[in-house]
Structure formats: structure tokens, C-alpha cells
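For the sequence shown, this note's numbering assigns the number 374 to the initial residue and increments by one for each residue that follows. Backbone N, C-alpha and C define an ideal beta-carbon position, used for all residues, glycine too. Comments concern the structure below.
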Amino acid sequence: MQFSLEARTASLSVGEFAAFASGPRESGGGSAGLWRAQLGQHWHAELRARTLAAAPDARFEVALEEEITHRGWRLTLAGRIDQLVPATGAEPLLREIKSVSHPLPADEAALRTDYPAYFLQLATYLVLRRARREPARGELVFVEVASGLVQTVALSPFDEALVLHQLDAVVEFLQHRRHAGERRRALRFQPPFAALRPGQESIQAGLGAALARASVVLFEAPTGYGKTGCTLEFALGALRSGRFQRLVWLTGKSTGQLQVVRTLKAMSDPRPGNLLRDTPPAALPPGPPASSNPLGYSTPAPAGDPSNPLGYSARGANPGLSGSNNPIGDAAHAAPLPYWQVRNKGEHCVNDVFHCVRDACGFLNGCAERWPGSGLAKFYLAEQAPRDLDALRAAGRAARICPYEITRAALPYHDVWIGDYNYVFAPANRSLFSEQPGFAPAETLLVVDEAHNLPARVADAHSHLARADDALALLAELDHRRAPADLQLAAEQWARLLGRLGSSDAVDAETESAVHDAVGRLAELVMTLPLDYAALGPEHSRTLWQFAALEDFLSDSTLKKLLWVPRPGELAFTCLDAAEAIGAILQSFGGALLMSATLSPFEHTAMACGLEAPGGLASLRAPAPWRDGAYDVAVDLRVDTTLKHRARHSAATAATIESLRASSAAAVAVFFPSYAYADAVLGVLEQRSAALRVAMQPKLPDLAAQAAWVEESLALADVLFLVLGSSFAEGIDLLGGRVTHAMVVGPALPEVNAVQRARMDTFAALGRDAAFRRVYQVPGLQKVNQALGRLVRAPGQKAKVLLHCRRFADPSYAGLLAPEYQMYREITSEAELGAWLGPAR
Ligand code: SF4
């Protein structure tokens, strides 16, 4: 739907108009995939031939476009009628062909309930024809896809009357968007920080200039910079200026989402003292001369200033953001910010079983009918109504409406959507956003937080695993339920195929061809047969719905793929690289900001996100002068931590840890590439009877428990053993300023396995070194940079870091370290290590 709120015009296809719904949807799980479209085309062609035989002057795919004025809005509706059959002496007949998996013939009332949009679509064509004084009759032709059985339903005047209601609904929605536009223009919000940290002064202008250069911007800023606040400030300003109509903010972790929500709330709350960092403004010493300070850094407050522990500079020092020049807005006029945080569907669920099919869930069945009288529109009409998950679940339970459907219904009325990457990038989840009425990526600013994780997350979202055990269980259930013989036969062949598979790095061509055939056949059957998913239950339904997803995976030419067998009887459909798919999505947005502390090297991130086209990409590195000189780095050339040689050096590794701890006044952090490696070194320390209390990172899924473990270990242990790439190394910010000595035991190159080998083959055209860099070195060093970045999170903090492996000094590795770690000293002996560490404490 495209609309101009100023001109009060909108244009949309007739299909879009008919499908428009401002409430919940009752469709269940599964994915229509490509099959529905393909089968639809098949039956369209078949029925066209039949019509032509009976009426040679019939016309097909007849274009129709008409403008309708309704309640002050001019709506242009356009579409193509499947068949127009002239009739002598009578009104011509308009036919729409609809393929359904519903068994036919069916009760007409049931068809009207299950497929209201089909009736509305044809009725709209009739109304449009009438508007141009070309009245016609209409009939819907339903085709049962599995059998080709046909049922024809003639449209009634009542169907045409419903078009008027739909016009009301669309216009009401447009009025809401108009109101939202006015609200955005009048938006008032506080700056996120009471005082700016050095380096933040120029960031608003920097982001604006970067987005003016290209629609996709890589924005790298160190941990502790205040990325979330700065970017929100920029994004809200862009909403207010009319540059964008919506902000979509994606993060991979719920903690990141909560931080965005907290910041938004603080920015929209005018009460004094509610700024995120309400430090008193401090007088600033003069900054460096302009020539050496092109970005206008201010000077950090002195370390240790108790009134300014995080070292922010005074806001007044920034002429662009203070006093009468302040474009941010006046806190006294703060207005609420309409945002919606989308939690995953399982968290919304209030049913006894998480099985989203109408006949299995009373909160889904009939929810569209209950919606108008439910009062749940308050979730988007009342700006101050609570929107947290508990409120949604309680309201959904009371009204017998699935809480996730409340989220779906409320989203179009909110200007800021906060959620996981999946809602934009995962085929299984993205429809929640992409199918929202009025959602126009071209008018949306997309922010992707922790964007260094995006390529791997999207590749995972495209990947699948099929198990022989699941297939066998499905087969038994299909037999028990007396499912159609075709389906049982195909499921049996699939179970046999999976059962025969032994572990292998890649399936052979013959197996791959058999997999294509089997998946194609099963996807077709699942899409066409009317199956009782409520009786089949959630597990078997998921197994059945997976075939459409597998078929989509196999036929998606934008993905680089591998079919392999990690364990006997398990077939992995692994996406090796989703760059092309990511790039296409990013470029569909009016603006996209990919931000992280570790996006360097930018050319690698660009390639991994499918952004190789020149001109489509800009990059911005946030100035953070307070990090200059904060790290004292050394590379230990004495040891080799490669898999082949690490055991030989483990005694040296253990001894180095002892020396590191001896020179530090507090606990030290040692980062390992894997648990196994950490365990091995712990064993050596025990053999040496080292008097060290070592806290080994536990496997705790809950972030609060992880944080508690870090706190306790910092207080009670001498050494924390942490694993690079884990949430302890990347998600917990408690080490900043508390750990002054750290060691990284080798670059954390990914494990060599079938997937990495296949990725090397995929990028072979780049040359071996470039492929190795892309597959192993960049991800490995990114983990190192992520972990080290968290040791200095604020001005005044310092860290001594030992990179414990000679590979770190190899230019191909060293060049991938963040700039702060590239000025290092080389350690070639115990004496040099002792000199660098300084006296024992
Ligand atoms: S209540 Fe639960 S099972 Fe029912 S539709 Fe919602 S999420 Fe699915």
C-alpha cells in the first residue's frame, strides 16, 4: 500500500485491499512456500483452457484500475481479473479462480468464513466495474488442489456491501497513520545523555552525512561509546524530520532489546534526573587545535573524577546540541514514543500446548470474530496502555485471543518496532513485519545492533536439520491416523532415505537428487492435502511443515548451500553464506545502520552482508579518543597455540597465567578459543600445584546467572577462564575497569569441520589466502576484538593484554586486530615477559 497522508490518497492492489485486516489472523502454522503459487498457476491454466473451449471470446487477466473516494480519501485500486466471460443479453461474468486445500464440495458458509478475502476481492472488482458503469456478475471458482474438484459460488449483494466496510477499515487505518505522522512531526524527546562523552559530539552529523552518502551504513563504535543512545537520538530526529516513517531496531539478544526500551523510555520522560547518565556538567579544558582534531573531539574529563566517573564531557561544550541550537527538542514538551517490543511467539503463548492451528487453540479459533468487541484495540489506541508481555498475556487470556495476534494487530500503529533479526531476515518469521499494512521498507530506517553477528545468524535462519527419528515417528502417526496413502508412501521413502545416511561431509550427487525429489513430493502433498494438524499434534505438524521450508531452501538460488550428514540418520541443510539474501533485504530499506564494536575490516563485513555494489555503502568509525593509549598490548612469540602444537606449550601457558596473576592487584581474565583448551590448561595448572583459584566459565543460559557468576568470581577467584565468542566474552560488560590484566590464548579460529571446509570451497574463487581470511581469520579475530573491547568501557580505564601466540604477530592476523591493539611489544623470553608485566604485587 502506498499512501500520501498529506494529499489523502492511497493506492493498493485489489488483493491487498481485500486482505487488509486491522485485527488478528486465524491462519495457523506452516508456510505456503512456493508451492501454493505454482499449484495456483497450474489450475489457472487448466480452467482457462476449459473456459476458452466453452466461450472463445472470454478474456483473461483483465486489468482494472479505478479511483474511489471514501470519507475524504481518494483510493486507487488496481488488479487483474482472472476471467471475464461476455454474455449476450446479460451482464458479463467475472470469475476468480482460487486453489484451496480445503476438501470440496464444502458448505458455502464455511468457505465464506475460511476465505473472506477471496470473496472481498471479487466483490471489489464488481464494485469497481459498477463505478465505471460496467456492471457485472461474479463467481468464485474454488479448486481443490489435490484432486482438481471444482466448486463455484456466486457472489451476492451482501458480498458487495462488505466492500464498504472494508473501505471504512482502510480509511480508519489511514487516519491513524496520518495522526501518527503528525505525532512524529511534533515529537519531543530528551537527549540520551546529560553530558557528552568525548567523541560523541560529532556523531549526529557523522551519521547524517554517512546516510546521505549511501542507504546502508556500517557504524563501528567501541563498547561503552553509547551507541544505542546516540543512534536512537539520530533515528528519532530522522523520524521527526519526515525522512523516515518508521524505525525497525533489531538485536540478537533480549538484553539488547531491553536496553533500547529503557533508553527510549528515558528519552521520552521529561522528569529531571531521568537521563541515562545524569552527571553534572563539568567545565571542559580546551580541546586540541582544530587542525589535529578534525572531528571536533572534546577532551575527556580527568580519570578518577568522582563527580564524573564515566568521564562524560559537558553537553554545553557541543554547540550543535545545546541552547537555542539544540535540534533535539525540549524535555519540558516530551511526548510518549510509540514503540513495540516484539517477543518471540512461544513467550506470548497462553494455550496449554504451543500448537498454532485453529482446531487446537481456542485463543486462535474465532479470534478475528471476537476482536471487535474485545477492547484490545487499546493496545494501539491508548498510547499510555502497558504493552509488556504480562499485560498482553493477561488481556489475551481474558478475551480468548492469542496474545501474539494482539502484537500483530498493534504493530502497524507503532512507529518503532524492536525485535530479533529474524523478524526481518528469517524466512520463517519475517512475515510478521513484511505483511503489516502500511509497512514500507523504503520509508523505514533499519538499525541492526551487534551486526557482526548478522551473517551467521541469517545463515542459521536459512538452515535446517531433518532426522530419521522424526520421519519414522511421523510415519507411525500417519499410519495411525489413516492419512492418505500417497503421503504415507512418500513419508516412508523419506524415512528410509534418511535412515540409510551415514556420517559424511557432503552427500553424493545421487543422494542429493533423491533428496530433491523426496522433498519436492512431500512439500507438494503437504500443501495440497487437507490434513488434520490438530490431531497430528505440534511435533508431527512441524515435521510436515518443514518440507515446504526445505523445498524453499533447495530452490533458493541466492544461498550457498551444503547438504551433509553430521550424524548417522541426520541430514543437515546448511546455508554456508546468505550474503546475497541479506544484501537484497538491506537495500530494500530507505536507510540501514549496521552497528557493532567489531565491523572491521569493513570490506569483509560488506561482502558478508552482500553489499559489494559500489555506492550502496558508507562506513563510519565513531571517534573515541579516551581509548587512545588505554591498552598496553604484548604478543607472546614464545608459544604456538595451533591445535598441533598447543600441548607442547601448555606448561608455558600455565606459567604465564601465574605470572600474569602475580603482577595484577586483582583477578585476571584469560580467554580461550574453546572449553576443551581451557580444561587442558586447567589440568596443567593443577599438575603444577599452582596456588591459583581458577573460576572456569560455567554453562549458564541465563544472563542474570552469568552476571552473578562473574561478580562472584571477580571477588573470590584469582583467574577467570572465559571462552571467546560466548556470552561471557561478548555479552557481559562487568569486566570493564575491574580487570586490568588479561590474556588471550590464541586467535579463536573456528573449528575445522565439514561446514568450514565447504565454505572454503565456496570462496575458492577468491584465492586460498582470501578464503582462509574470510572463513577463519576474520571471525576468529572478531571474537578477540569483541572480548578485549569490553575491558575498557570508559575514560580512565586501562588494560594490560597479552596475546599469547606467535600467530598474533603474523601480519595476516595482526592486521585484523582493532587499531588499539596493533601497537604491541613482542615477548621472546621469560625475562621480557617479566619486564613487561612489572613487579609482582
Ligand atoms: S495461544 Fe499459543 S498456541 Fe494459540 S495461537 Fe497463540 S501462540 Fe499459538
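Check whether the Cβ of L1176 sits closer than 7 Å to any heavy atom of the ligand SF4, and report yes or no. no
| task | Quick one: grab the DSSP three-state call for A1204. | result | helix
### Task
Would you check if the region 806 to 825 and the region 607 to 624 touch, i.e. whether three or more CB-CB distances between them fall below 8 Å?
yes
Would the C-beta of F1044 count as close to the ligand SF4, meaning under 7 Å from any of its heavy atoms? no
*Would you say F727 touches the ligand SF4, meaning its beta carbon is less than 7 Å from a heavy atom?*
yes
query = Any heavy atom of the ligand SF4 within a distance shorter than 7 Å of the CB on Y360?
reply = Beyond the ends of the chain as shown, which are 374 and 1214, falls residue 360; an answer cannot be given.
For K1017, report the span of its alpha helix (DSSP H) as first-last. Neither: K1017 is in no alpha helix (DSSP H) and is coded neither H nor E.
Inset, instruction - From the DSSP output, read off the bridge partner residues of E517. - result: V473
Quick one: does the C-beta of L737 sit closer than 7 Å to a heavy atom of the ligand SF4?
yes
Quiz item: Would the region 797 to 807 and the region 897 to 911 be scored as touching if the rule is three or more Cβ pairs under 8 Å?
Solution: no
**Request:** Look at the alpha carbon of G784 and the alpha carbon of Y753, and state the distance between them as a whole number of angstroms.
**Result:** Note that residue 784 corresponds to Leu in the displayed sequence, not to Gly. Looking at the two C-alpha atoms, the distance is approximately 8 Å.
Buried versus exposed, by CB contacts within 10 Å (16 or more), A1191 | The residue in question, A1191, is buried, as its Cβ has 16 or more Cβ neighbours within 10 Å.
Please go through the same chain and pick out, in chain order, the residues whose beta-carbon is closer than 7 Å to the beta-carbon of R760, but skip the five residues on each side of it. Setting aside the 5 residues that flank it on each side, R760 is surrounded in the same chain by W713, F752, each with a C-beta closer than 7 Å to its C-beta; the list follows chain order.
- Message: Spatial neighbours of E379 within its chain, please: C-beta separation below 7 Å, excluding the five flanking residues on both sides.
- Response: none
ask   = By how many angstroms is the C-alpha of P397 removed from the C-alpha of W744?
value = Approximately 7 Å between the Cα atoms of the pair.
Quiz item: Looking at C-alpha atoms only, which residue of A1137, P1074, L1161 is the closest neighbour of L1107?
Solution: L1161
**Message:** Please classify L1016 as buried or exposed, where buried requires at least 16 neighbouring CB atoms within 10 angstroms.
**Reply:** exposed
Is the beta carbon of H721 within less than 7 Å of some heavy atom of the ligand SF4?
yes
In three-state terms, what does DSSP make of S930? It is coil, neither helix nor strand.
E507: which of A868, F566, P565, E438 sits nearest, CA to CA? E438
Element boundaries [alpha helix (DSSP H), containing Q714]:
For Q714, no alpha helix (DSSP H) run applies; the uninterrupted beta strand (DSSP E) run containing it begins and ends at 712 to 714, by DSSP.
Relative to the C-alpha of L1087, which residue among A758, G1002, Q1070 is closest?
Q1070
Assuming V1148 and Q1170 make a contact with CB atoms under 8 Å, what is their CB distance in whole Å? The C-beta separation of V1148 from Q1170 comes to about 34 Å, leaving the pair out of contact by the 8 Å criterion.
- [ ] Could you round the C-beta distance between T1216 and A391 to whole angstroms and report it? I think they count as a contact, below 8 Å.
- [x] A question about residue 1216 goes unanswered here, because the residues of the chain that appear run from 374 up to 1214.
Could you tell me which residues DSSP pairs with C948 in its beta bridges? K934
Could you give the first and the last residue of the continuous alpha helix (DSSP H) run that contains V544? Residue range 530 to 558 is occupied by the alpha helix (DSSP H) that includes V544.
Worksheet item: Whose C-alpha, out of L959, L522, L710, A479, is nearest the C-alpha of R556?
Response: L710
- Message: Using C-beta distances below 6 Å, list every residue in its chain close to H538, excluding the 5 sequence neighbours before and after it, in chain order.
- Response: none
C734 CB to nearest heavy atom of the ligand SF4 below 7 Å | Remark: the C-beta of C734 is in contact range of the ligand SF4, defined as less than 7 Å to any heavy atom.
From the DSSP output, in three-state form, read off T382 for me.
T382 sits in a strand when the DSSP states are folded into three classes.
- Considering only the beta carbon of each residue, do A921 and A954 sit closer than 8 Å? no
Worksheet entry | Spatially closest choice to P810 from A534, V1043, R550, L477, by CA coordinates | If we check each option's Cα against that of P810, R550 comes out closest.
(Q) Can you check which of these residues, F531, P571, I441, is closest to A482 by C-alpha distance? (A) F531
Per-residue burial, E1203 [other beta carbons within 10 Å of its own, 16 or more giving buried]
exposed
For T1029 and R1000, what's the separation of their Cα atoms in angstroms? 26 Å
Does DSSP classify L765 as helix, strand or coil? Collapsing the DSSP output to three states places L765 in a helix.
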